[in-house]
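Using this note's numbering, the letters of the sequence shown map in sequence onto residues 1 to 129.
All remarks here apply to the structure that follows.
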Amino acid sequence: MTPEGDRRPSPVEPLSVHTEPHPDGRVLTVRLGGEIDYASGGLLRERVISAAGQATPPRLVLDLDGVTFCDASGLGALVAIRNAVRTRHGDLVIARPPVLCRRILHCTGLDQHIHTTATLDCAITHLTR
Numbered sequence: 001m002t003p004e005g006d007r008r009p010s011p012v013e014p015l016s017v018h019t020e021p022h023p024d025g026r027v028l029t030v031r032l033g034g035e036i037d038y039a040s041g042g043l044l045r046e047r048v049i050s051a052a053g054q055a056t057p058p059r060l061v062l063d064l065d066g067v068t069f070c071d072a073s074g075l076g077a078l079v080a081i082r083n084a085v086r087t088r089h090g091d092l093v094i095a096r097p098p099v100l101c102r103r104i105l106h107c108t109g110l111d112q113h114i115h116t117t118a119t120l121d122c123a124i125t126h127l128t129r
């Protein structure tokens, strides 16, 4: 078999979105898994903005621990979520971003506009202080 024959595209991991309200009801955690890209960015935007819209003001943790890929469309979805939360005088924290996501957030300067933490506990503490 030639080297070209060994190059199969890796399977796409569909985006999973799971919401979990914090026991005190003041914070909503959204756990993401899979790829945040052109195909999934719109769904992510819709589901998270809809979920965040149920709290006033919205306090939202995006847990990126399960994210395996993020492209420019994914960044656009994160910015849209941040803007929607801010418009409602809420706050957004990104928790547990994988190395790829941390690097993208840093290189684009988004880490200066969206608070990022290494743990879920730190994210929740930031939002409930």
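For each residue, glycine too, the CB sits at the ideal point set by N, CA and C.
All values derive from a computational prediction rather than experimental measurement.
- Taken atom to atom, the span from the alpha-carbon of residue 117 to that of residue 40 is near 24 Å.
- The beta carbon of residue 13 lies closer than 6 Å to those of 34, 35, 68 in the same chain, with the five residues before and after it left out.
- Bounds of the alpha helix (DSSP H) holding residue 106 are 99 to 108.
- Cβ atoms of residue 44 and residue 52 stay farther apart than 8 Å, at about 12 Å.
- No Cβ-Cβ contact shorter than 8 Å links residue 37 with residue 66.
- Listed in chain order, the beta strand (DSSP E) runs fully inside the segment 28 to 112 are 28 to 36, 59 to 70, 91 to 95, counting runs of at least 3 residues.
- Check the Cα spacing between residue 47 and each of 120, 30, 58, 57: the tightest is with 30.
- A straight line joining the alpha-carbon of residue 107 with that of residue 32 spans about 21 Å.
- Under the three-state reduction of DSSP output, residue 116 falls in the strand class.
- Spanning the alpha carbons of residue 114 and residue 103 requires a straight line of approximately 14 Å.
- Where residue 20 is concerned, the enclosing beta strand (DSSP E) starts and stops at 16 to 21.
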